[in-house]
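Residue numbering for the sequence shown follows this note's numbering, starting at 62 and increasing by one per position. Notes follow once the structure below has been shown.
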Amino acid sequence: MKPWGALALIALATTTALPAHADPPPPASEPTPKKQVPDYDGRGPEPKTPGDAALWVPRVILSPLYLVTEYGIREPLALAIPAAERADLPRKVYNFFTFGPEHKAGIVPVGLIDFDFNPSVGVYAFWHDAFAKGNDWSVHTEAWPTDWYAVSLKEGVRLDDQRTLLFHFFGAHRPDRVFYGLGPQSLQSNQSRFTEALTEESATLDWTYARQSHLEMTMGLRSESIGPGHYGSDPSLEQKAATGAFAVPYGYDGRYTAEFNRVVASYDTRKPWPASGSGARVEAKAEQGSDLISSSGWIRYGASASGFLDLDQHQRVVSLSAATQFADPLGDRPIPFTELASLGGDGPMRGYFIRRMVDRSSAAAALHYVWPIGPWLGGNLEAAVGNVFAEHLQGFRPGLLRFSGDVGITTVGVSDYPIEAFFGVGSETFEHGGQIDSIRVTLSVNHGF
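Structure follows, in structure tokens:
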């Protein structure tokens, strides 16, 4: 039989084996719909809060910043962290920098890059329960070859769960401090440099009460020497003063040694991180200093108040704060300009360099937003207005205010070894045009100087 004949027989047999009325095969069944998760606790869906609605406002305004932090930081971290955990990298790094069976001691590298200033590198060493339980030691030192060095030595004795006695020695020598003149209308174009050599020894009793509230009482001795400085092409302070840009301030090219007493009292309704960030904080502080050489003195005092709203109970916190500071002489002599009220640096108006504005009093208000980016990492955004003025805010008017804005990334919940990077800007006074003429870029690891 031919091959095609066999194929024909198979086809015929197959055809006759099926009844003429056979139905076509049924269509594939539809997929079973997904069952809803039962409401086991009977409470229904979580209701929307005003904070959920308000959260869309900063999300829309800050969408460019969100895209950078989400896809430039969070997404890479989402890939890097699991890979690091599989390689056991966090434990290896932790064990490399810390010592002892309970990792109560360690040595870690630190450093600071603050553009338009000398950078620095150094080490931070700590030892918890040194020689006795409740006795903590730390050493923080940084330096750069161009006459810039600083050291901080601390010993903390934990008297109980709420009280700590802290002994502190601090010494620093910097030739690149900035000065622009006293008063609210000092100009950025008048930037000059001076050298500050400072040593300070103090003892502080820190009492923690009512959640994050603190009472700090400090007594100590401070010795400071001020002289000509240098950085890049900037003129020294006395050289710039010779052009008529400003008067040489009291305390320049001199030295003083002062005993001081300081009290800082704060009341904070917030619970420690990572609890909800909503709450309020008020703080009052005062410091009295007496120059042992000239028998003159001064008193600095001020207060601040802040309100915090956690928009979604996940550390997306908006806050509004206001702060004032005053400096008054005790006697006939003026106050050294390094002891006056100031704005800039790590205090209010961070878009400016440290002590960018200096005078007898200061006032500032800030709107601040923080949000989580990744594990132990958060974002910061701040917009502030403020300035310095004569004694007791004399001469205050809205046109003399300045704008400061900054955005940054910092570690969260890490007190011993904070890491921070931020970018800030500052403006001239509003009545001078309010143009942005100050830029500050900083990257620091455990920066404390």
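From the three backbone atoms N, C-alpha and C, an ideal C-beta is built for every residue, glycine too.
Rounded C-alpha distance that separates residue i from residue j
| i | j | result |
| --- | --- | --- |
| residue 208 | residue 244 | 29 Å |
| residue 348 | residue 338 | 30 Å |
| residue 461 | residue 137 | 44 Å |
| residue 327 | residue 223 | 14 Å |
| residue 464 | residue 457 | 15 Å |
| residue 288 | residue 258 | 9 Å |
| residue 379 | residue 445 | 13 Å |
| residue 267 | residue 301 | 43 Å |
| residue 292 | residue 210 | 15 Å |
| residue 427 | residue 497 | 17 Å |
| residue 189 | residue 160 | 11 Å |
| residue 353 | residue 400 | 15 Å |
| residue 225 | residue 198 | 13 Å |
| residue 140 | residue 467 | 28 Å |
| residue 308 | residue 361 | 23 Å |
| residue 454 | residue 237 | 29 Å |
| residue 290 | residue 435 | 41 Å |
| residue 282 | residue 265 | 12 Å |
| residue 505 | residue 163 | 27 Å |
| residue 324 | residue 169 | 32 Å |
| residue 390 | residue 316 | 17 Å |
| residue 495 | residue 480 | 32 Å |
| residue 322 | residue 227 | 15 Å |
| residue 157 | residue 395 | 52 Å |
| residue 229 | residue 313 | 26 Å |
| residue 286 | residue 165 | 37 Å |
| residue 212 | residue 262 | 12 Å |
| residue 200 | residue 491 | 43 Å |
| residue 493 | residue 180 | 32 Å |
| residue 83 | residue 147 | Confidence in residue 83 is poor, its pLDDT being 45 and thus under 50, which makes the residue's placement too unreliable to answer from. |
| residue 298 | residue 459 | 29 Å |
Residues of its chain near residue i, where Cβ-Cβ distance is below 7 Å and the 5 sequence neighbours each way are ignored
| i | result |
| --- | --- |
| residue 438 | 470, 472 and 473 |
| residue 405 | 413, 414, 415, 416, 417 and 418 |
| residue 351 | 319, 320 and 358 |
| residue 251 | 241, 242, 301, 306 and 307 |
| residue 363 | 346, 384, 385, 386 and 387 |
Best match in the options for proximity to residue i [C-alpha to C-alpha]
| i | options | result |
| --- | --- | --- |
| residue 448 | 481, 353, 385 and 389 | 385 |
| residue 253 | 279, 296 and 444 | 296 |
| residue 452 | 177, 225 and 424 | 424 |
| residue 484 | 174, 281 and 270 | 174 |
| residue 402 | 164, 450 and 501 | 450 |
| residue 204 | 225, 235 and 226 | 235 |
| residue 214 | 487, 221, 232 and 482 | 232 |
| residue 554 | 396, 421 and 381 | No information on residue 554 is available, as it lies outside the stretch 62 to 510 that the chain covers here. |
| residue 356 | 479, 392, 192 and 166 | 392 |
| residue 184 | 154, 195 and 202 | 202 |
| residue 442 | 482, 303 and 459 | 482 |
| residue 373 | 304, 336 and 408 | 336 |
Chain-order list of residues whose beta-carbon lies under 8 Å from that of residue i (same chain, five-residue window excluded)
| i | result |
| --- | --- |
| residue 248 | 241, 242, 306 and 489 |
| residue 270 | 223 and 276 |
| residue 220 | 195 and 226 |
Under the three-state DSSP convention, the category residue i falls into
| i | result |
| --- | --- |
| residue 349 | strand |
| residue 399 | helix |
| residue 332 | coil |
| residue 493 | helix |
Own chain partners of residue i with C-beta closer than 6 Å, once the 5 adjacent residues on each side are dropped
| i | result |
| --- | --- |
| residue 344 | 327 and 365 |
| residue 182 | 172 |
| residue 65 | In this prediction, residue 65 has a pLDDT of 37, which is less than 50 and means its spatial position is unreliable; nothing more can be read from the coordinates. |
| residue 342 | 329 and 367 |
| residue 370 | 339 and 379 |
| residue 499 | 249, 413 and 487 |
| residue 332 | 272 |
| residue 176 | 502 |
| residue 410 | 404, 425, 445, 447 and 465 |
| residue 178 | 237 |
| residue 432 | 377 and 440 |
| residue 284 | 260 and 318 |
| residue 191 | 198 |
| residue 421 | 388, 451 and 452 |
| residue 217 | 197, 225 and 227 |
| residue 278 | 266 and 324 |
Check: residue i C-beta below 7 Å from any heavy atom of the ligand ZN
| i | result |
| --- | --- |
| residue 367 | For the structure depicted, the ligand ZN is absent and the ligand set is empty, with no information on it obtainable. |
Mind pulling the alpha helix (DSSP H) runs of 4 or more residues that sit fully within the segment 138-208?
150-158
Can you list, in chain order, the stretches of the alpha helix (DSSP H) that have 4 or more residues and sit fully within the segment 242-328?
298-303
Would you mind listing the beta strand (DSSP E) stretches within the segment 391-471 that are 3+ residues and don't spill past its ends, in chain order?
402-404, 418-420, 422-435 and 438-450
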